[in-house]
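To start, the structure under review is shown below, and the notes come after it.
Protein chains: 2
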Amino acid sequence: MGNLLIVGTVAFDDIETPFGKSDRILGGAATFIGLSASHFNTESGIISVIGGDFPKAYLDIFKERNIDISGIDIQEEGKTFYWKGKYDYNLNDRETLVTDLNVLADFNPMVPEKFIDCDFLMLGNLHPDVQMAVIEQIPERPKLVVLDTMNFWMDNTPEQLAKVVGKVDVITINDEEARQLSGEYSLLKAAEKIHQMGPKYVVIKKGEHGALLFNNGDVFFAPALPLEEVFDPTGAGDTFAGGFIGYLASTNDISFDNMKRAVIYGSNFASFCVERFGVERMLNLSREEVRKRLKQFKQLTQFEIELTQ
Amino acid sequence: MGNLLIVGTVAFDDIETPFGKSDRILGGAATFIGLSASHFNTESGIISVIGGDFPKAYLDIFKERNIDISGIDIQEEGKTFYWKGKYDYNLNDRETLVTDLNVLADFNPMVPEKFIDCDFLMLGNLHPDVQMAVIEQIPERPKLVVLDTMNFWMDNTPEQLAKVVGKVDVITINDEEARQLSGEYSLLKAAEKIHQMGPKYVVIKKGEHGALLFNNGDVFFAPALPLEEVFDPTGAGDTFAGGFIGYLASTNDISFDNMKRAVIYGSNFASFCVERFGVERMLNLSREEVRKRLKQFKQLTQFEIELTQ
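Chains Y and R supply the protein sequences, listed in that same order. One point on numbering: in my numbering, the residue at position 280 of the first sequence is 280, and numbering is uninterrupted. One point on numbering: in my numbering, the residue at position 215 of the second sequence is 215, and numbering is uninterrupted.
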């Protein structure tokens with residue numbers, strides 16, 4: 001078992017979907033990643049920043065799930081990062097209504113002593129300079145560094161982004177972002193270009209269309225589970241990333257075959273995430289439910305075929 | 001081995017993509033289905049209609065691939081169905097520039113004596129009344145009847161379409177069409193509604209995002225192979241259908257496990273189809289290339305996971 005350090009936002013989300021409104025609930029990349037990864041047997045901690053308005057009850061959620069929060073900086077005078085968004089009827093397109101960075105604007109991440117020698121490092125979507133600041137505080141390279149990012153940083157801080165992308169082992173982005181980052185429409189070509197920027201592994205998330213894992217010419221695909229209802233897609237990508245790295249950390253195995261299982265776990269958890277608002281489903285998810293859905297993933301994808309035919 | 005009857009258009013296509021123009025080439029649903037299915041060891045025939053302008057060399061293509069063309073009605077005085085289309089830079093959106101039905105306008109399909117007792121019947125996309133006319137000429141129900149259709153018939157002939165949909169075992173449509181036909185956004189729910197209309201099996205084609213096979217609560221997913229280049233998507237759906245039914249007919253096995261293999265073969269052939277204009281790739285495709293790509297499909301999708309974890 002390797003220990004896992006997660007860097008990312010801890011936030012208030014305010015979500016409107018065709019099915020209802022959430023009001024102000026617990027959100028943020030590190031939240032979704034951490035709660036998802038907490039379903040595996042691994043020691044984990046979060047680095048983030050919150051304001052004095054952040055409820056103690058929310059912090060208790062992390063503690064109850066054995067997530068170390070000594071790296072969460074509480075700025076008593078400040079306000080927690082707030083995001084408000086609204087989804088279209090098909091839940092694929094969303095509009096950001098409000099983004100209040102608040103304490104996130106001056107986030108200066110500090111790696112707790114305990115996690116200086118972490119084995120697995122997950123850099124959630126953040127300003128690339130903040131992601132780099134964390135890498136620089138860890139003298140011995142972790143076993144695996146995974147980076148998530150988004151089009152915003154490609155548009156606004158491309159040079160800083162390129163620098164941090166050059167330092168990581170795995171990048172997780174969505175299909176449009178992979179196309180933007182690489183300038184290639186074909187995802188196969190996009191992954192090749194991104195390999196050349198640094199990451200040995202490229203994970204391309206396609207939402208309801210699944211996720212692709214690329215490594216040095218090898219490709220693996222995990223479908224999204226077809227669902228009766230998608231209620232709220234917020235955090236699905238981070239929940240995927242949390243399942244991915246949580247599984248790798250708990251098994252302490254970064255072979256390609258184990259990464260395949262990790263993306264299946266990521267898709268598995270993401271399929272639960274979207275069933276309720278925010279982190280609700282991740283907090284009420286049994287081992288048996290995960291096992292059952294894993295079986296559905298097998299039925300969905302596994303086949304026997306004679307190659308000699 | 002069961003014999004296979006294919007009903008559908010044989011046409012001239014005129015295609016423009018960001019990579020080039022095809023001029024007037026061989027196209028049509030029955031053409032793509034037939035040439036795709038001809039890669040399997042099965043006796044097959046096509047029912048269609050063409051004009052006096054149809055080149056003998058094109059008919060020879062079918063004959064050379066052992067496809068019976070006695071069911072292709074040649075209207076010497078008429079002109080062959082002609083379609084002209086143009087694809088967007090991303091190859092997902094296409095615009096129809098010209099549709100000249102010509103001899104197709106009065107198509108009166110006649111099932112050749114030889115195929116009256118066919119085991120497998122593939123109804124390519126056509127007016128639902130034409131599809132029904134073929135079903136009605138076959139007194140003994142074939143082992144499997146597969147129907148392809150499109151949004152045009154949902155818009156313009158919904159009652160006739162519902163009638164023929166109620167008569168078939170398998171329907172193959174794309175995701176948007178499945179949503180339109182069922183009124184459900186979730187593809188899982190859409191498939192359930194479509195089951196209730198008649199077909200025991202529902203195949204939902206998602207283009208570059210793969211294909212789903214539904215049967216009575218079971219779901220199987222075949223991804224599309226990630227490709228370096230997509231040159232021309234015309235006929236990919238029909239090539240998929242041809243691979244699907246060709247495999248089923250050649251193995252004479254309609255179990256769900258065999259249908260899984262059939263959708264994998266369908267995806268396999270479709271991945272070749274898009275590499276060149278029209279049927280070019282289907283006419284120059286070796287058994288070894290198919291086998292190699294089948295291996296890629298396995299690597300792309302197969303994983304080992306402990307369910308007890």
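Note that beta-carbon positions come from the ideal geometry of N, C-alpha and C, so glycine has one too. Please read all numbers here as calculations on a predicted model, not as lab measurements.
Fill in: The beta strand (DSSP E) enclosing Gln-75(R), as first and last residue numbers
Translated into positions along the second sequence, residue 75(R) becomes position 75. Here the beta strand (DSSP E) through Gln-75(R) covers 67-75.
Item to complete: Below 8 angstroms between beta carbons is the criterion; list the residues of the stretch 238-262 of chain Y that meet it against any residue of chain R, in chain order.
Response: Asp-257, Lys-260, Arg-261
Discussion item. Given this structure, state the Cα-to-Cα distance separating Glu-140(Y) from Asn-151(Y), to the nearest angstrom.
Written reply: Position 140 of the first sequence, counted from the first residue, corresponds to residue 140(Y). Position 151 of the first sequence, counted from the first residue, corresponds to residue 151(Y). Near 30 angstroms, if we compare the C-alpha coordinates of Asn-151(Y) and Glu-140(Y).
Worksheet item: Run through DSSP, which three-state label would Thr-17(Y) get?
Response: Your numbering for residue 17(Y) matches position 17 in the first sequence. Of the three classes helix, strand and coil, the one that applies to Thr-17(Y) here is strand, per DSSP.
Worksheet item: Is the number of C-beta pairs between the stretch 283-294 of chain R and the stretch 231-242 of chain R that are closer than 8 angstroms three or more?
Response: no
Practice prompt. Look at the alpha carbon of Val-164(Y) and the alpha carbon of His-209(Y), and state the distance between them as a whole number of angstroms.
Written response: As a working mapping, residue 164(Y) is identified with position 164 in the first sequence. As a working mapping, residue 209(Y) is identified with position 209 in the first sequence. So the two alpha carbons sit approximately 28 angstroms from each other.
Item to complete: State buried or exposed for Leu-307(R), treating a residue as buried only when at least 16 other CB atoms are found within 10 Å of its CB.
Response: Mapped onto the second sequence, residue 307(R) falls at position 307. Flag for Leu-307(R) reads exposed.
Practice prompt. Would you please state the rounded distance, in angstroms, between the beta carbons of Tyr-87(R) and Pro-18(R)? I believe it to be under 8 angstroms.
Written response: As a working note, residue 87(R) is residue 87 in the second sequence. As a working note, residue 18(R) is residue 18 in the second sequence. Indeed they touch by this definition, with Cβ atoms about 7 angstroms apart.
Worksheet entry | Local Cβ density within 10 Å of Met-110(Y), reported as buried at 16 or more and exposed below that | On the first sequence, residue 110(Y) is found 110 positions in, with the first residue counted as 1. By the Cβ neighbour-count rule, Met-110(Y) is exposed, with fewer than 16 other Cβ atoms within 10 Å of its own.
Worksheet item: Since Gly-320(Y) sits in a beta bridge, which residues does DSSP pair it with?
Response: Because chain Y here runs from 1 to 309, residue 320(Y) falls outside it and cannot be looked at.
Worksheet entry | Limits of the alpha helix (DSSP H) - the one that Val-263(R) falls within | As a first step, residue 263(R) must be located in the second sequence, where it is residue number 263. Note, Val-263(R): alpha helix (DSSP H), 256-273.
Item to complete: Kindly confirm or deny that the stretch 113-120 of chain Y and the stretch 84-104 of chain Y touch, where touching means at least three C-beta pairs closer than 8 angstroms.
Response: no
Practice prompt. Kindly indicate the opening and closing residues of the beta strand (DSSP E) around Ser-44(Y).
Written response: The count along the first sequence starts at 1 and reaches residue 44(Y) at position 44. 44-51 is the span of the beta strand (DSSP E), which, as asked, contains Ser-44(Y).
Discussion item. Give me the residue from Asp-175(R), Asp-60(R), Gly-124(R), Gln-137(R) with the minimum Cα distance to Leu-161(R).
Written reply: By one-based count along the second sequence, residue 161(R) stands at place 161. Of the listed residues, the one whose Cα sits closest to Leu-161(R) is Gly-124(R).
Item to complete: Under 6 angstroms Cβ to Cβ from Gln-137(R), same chain only, skipping five residues before and after it: list those, please.
Response: Here residue 137(R) corresponds to residue number 137 of the second sequence, with the count starting at 1. So the qualifying residues of the chain are Val-111.
Worksheet item: So what's Met-122(R) in DSSP terms, helix, strand or just coil?
Response: Indexing the second sequence from 1 puts residue 122(R) at position 122. The answer is strand: DSSP assigns Met-122(R) an E or B state.
Fill in: Contained alpha helix (DSSP H) runs [length at least 4] in the stretch 144-216 of chain Y, N- to C-terminal order
151-156, 158-165, 175-182, 187-197
Practice prompt. Could you check if Gln-299(R) is buried or exposed, using at least 16 other CB atoms within 10 Å of its CB as the buried criterion?
Written response: Taking the first residue of the second sequence as 1, we reach residue 299(R) at position 299. With fewer than 16 Cβ atoms within 10 Å of its Cβ, Gln-299(R) is classed as exposed.
Practice prompt. Could you check if Arg-287(Y) is buried or exposed, using at least 16 other CB atoms within 10 Å of its CB as the buried criterion?
Written response: Position 287 of the first sequence, counting from 1, holds the residue named residue 287(Y). When all chains shown are included, Arg-287(Y) counts as exposed.
Practice prompt. Specify the secondary structure class of Asp-117(Y) as computed by DSSP and reduced to three states.
Written response: Walking along the first sequence from the start, residue 117(Y) turns up at place 117. Of the three classes helix, strand and coil, the one that applies to Asp-117(Y) here is coil, per DSSP.
Item to complete: Provide the residue(s) that pair with Val-7(R) in DSSP beta bridges, ordered along the chain.
Response: On the second sequence, residue 7(R) is found 7 positions in, with the first residue counted as 1. Val-7(R) is bridged to Ile-47(R), Leu-123(R).
Discussion item. DSSP three-state label for Asp-23(Y), please.
Written reply: Numbered from 1 along the first sequence, position 23 holds the residue referred to as residue 23(Y). Asp-23(Y) falls in the strand class under three-state DSSP.
Practice prompt. Report, in whole angstroms, the separation of the C-beta atoms of Gly-51(Y) and Val-103(Y), which I expect to be a contact under 8 angstroms.
Written response: Position 51 of the first sequence holds residue 51(Y). Position 103 of the first sequence holds residue 103(Y). That belief holds up - the Cβ atoms of Gly-51(Y) and Val-103(Y) are roughly 5 angstroms apart, short of 8 angstroms.
Practice prompt. Pick helix, strand or coil for Val-219(Y), following the three-state DSSP scheme.
Written response: In the first sequence, the residue the question calls residue 219(Y) occupies position 219. The answer is strand: DSSP assigns Val-219(Y) an E or B state.
Worksheet item: Does any CB atom of chain R fall closer than 8 angstroms to the CB of Leu-294(Y)?
Response: Taking the first sequence and counting its residues from 1, the one referred to as residue 294(Y) is at position 294. Leu-294(Y) counts as touching chain R.
Item to complete: Give the DSSP-derived three-state secondary structure of Gln-299(Y) in the structure shown.
Response: As a first step, residue 299(Y) must be located in the first sequence, where it is residue number 299. It is helical.
Item to complete: To the nearest angstrom, report how far apart Arg-291(Y) and Tyr-185(R) are at their CA atoms.
Response: Here the question's residue 291(Y) lines up with position 291 in the first sequence. Here the question's residue 185(R) lines up with position 185 in the second sequence. So the two alpha carbons sit approximately 27 angstroms from each other.
Worksheet item: Any C-beta of chain B sitting closer than 8 angstroms to the C-beta of Asp-117(Y)?
Response: No chain B is part of this structure, whose protein chains are labelled Y and R.
Worksheet entry | Close Cβ partners of Gln-309(Y) (< 6 angstroms) along its chain, the five nearest in sequence each way excluded | Translated into the one-based positions of the first sequence, residue 309(Y) becomes position 309. With a pLDDT of 48 at Gln-309(Y), under the threshold of 50, the modelled position of that residue is not reliable, and the figure given next carries that caveat. Cβ within range, chain order: n/a, list empty.
Discussion item. Helix, strand or coil, according to DSSP, for Leu-248(Y) in the structure here?
Written reply: One-based indexing of the first sequence puts residue 248(Y) at position 248. Reduced to three states, the DSSP call for Leu-248(Y) is helix.
Worksheet item: Leu-35(R) by DSSP, collapsed to three states: which one?
Response: Here residue 35(R) refers to the residue found at position 35 when the second sequence is read from its first residue. Note: Leu-35(R) maps to helix in three-state DSSP.
Fill in: Pairwise C-alpha distance: Val-10(R) and Glu-77(R)
Counting from 1 along the second sequence, the entry for residue 77(R) is found at position 77. Counting from 1 along the second sequence, the entry for residue 10(R) is found at position 10. Their backbone Cα atoms lie some 16 angstroms apart in a straight line.
Worksheet item: Can we say the stretch 238-255 of chain R touches the stretch 34-43 of chain R, given the rule of at least three CB pairs closer than 8 angstroms?
Response: yes
Discussion item. Looking at chain Y, is there any beta carbon in it that lies within less than 8 angstroms of the beta carbon of Lys-189(R)?
Written reply: Reading the second sequence from its first residue, position 189 is the one you call residue 189(R). With 8 angstroms as the cut-off, Lys-189(R) counts as an interface residue toward chain Y.
Worksheet entry | When Glu-304(Y), Asn-90(Y), Leu-126(Y), Met-197(Y) are compared against Ala-222(R), the one with the closest alpha-carbon | For this step, residue 222(R) is matched to residue 222 along the second sequence. Nearest option by C-alpha distance: Glu-304(Y).
Worksheet item: Under three-state DSSP, which class holds Glu-289(Y)?
Response: Taking the first residue of the first sequence as position 1, residue 289(Y) is located at position 289. Three-state result, Glu-289(Y): helix.
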